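Visitor: If you're matching positions, the sequence shown starts at 1 in the working numbering and goes up one per residue.
Quick one: the structure is below, and I'll ask about it shortly.
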Amino acid sequence: MTNPPEIEHSTEEERRVFIREKYPCIADCDMCGLCKVFHGRDAEHAYEDYIAGRRSFQEVSADYRK
């Protein structure tokens, strides 16, 4: 997987595509676990601040490492 697009050098759509590709929903929660990691939210919703350019990918990711 590539590094996340930097906010300063990417569009909102590029960041959204990155999140979709990095955290795809496989519709099998027992096997995947992403919903649990993101506290019941899908990845696009969990990373909405990053997608919108308000916070870096690393800052948002830190919210879910606690």
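Every residue, glycine too, gets a C-beta built ideally from N, C-alpha and C.
Just so you know, these numbers come straight off a predicted model, no measurement behind them.
By a C-beta neighbour count over all protein chains shown, 10 Å radius and 16 as the cutoff for buried, is P24 buried or exposed?
Guide: Translated into the one-based positions of the sequence shown, residue 24 becomes position 24. Looking at its Cβ environment, which holds fewer than 16 other Cβ atoms inside 10 Å, P24 is exposed.
Visitor: Please state if the CB of Y50 and the CB of S56 are separated by a distance shorter than 8 Å.
Guide: Your numbering for residue 56 matches position 56 in the sequence shown. Your numbering for residue 50 matches position 50 in the sequence shown. Yes, the pair counts as a contact, with Cβ atoms nearer than the cut-off.
Visitor: Given a cut-off of 8 Å on the beta-carbon distance, is the pair A46 and E12 in contact?
Guide: Counting from 1 along the sequence shown, the entry for residue 46 is found at position 46. Counting from 1 along the sequence shown, the entry for residue 12 is found at position 12. Cβ distance not < 8 Å, so A46 and E12 don't count as in contact.
Visitor: Starting from S56, trace the alpha helix (DSSP H) in both directions and tell me its first and last residue.
Guide: Position 56 of the sequence shown, counted from the start, is the residue given in the question as residue 56. No alpha helix (DSSP H) holds S56; DSSP gives it neither H nor E.
Visitor: Within 10 Å of its beta-carbon, does I26 have 16 or more other beta-carbons around it, so buried, or fewer, so exposed?
Guide: Here residue 26 is taken as the residue at index 26 of the sequence shown, counted from 1. Burial call: exposed.
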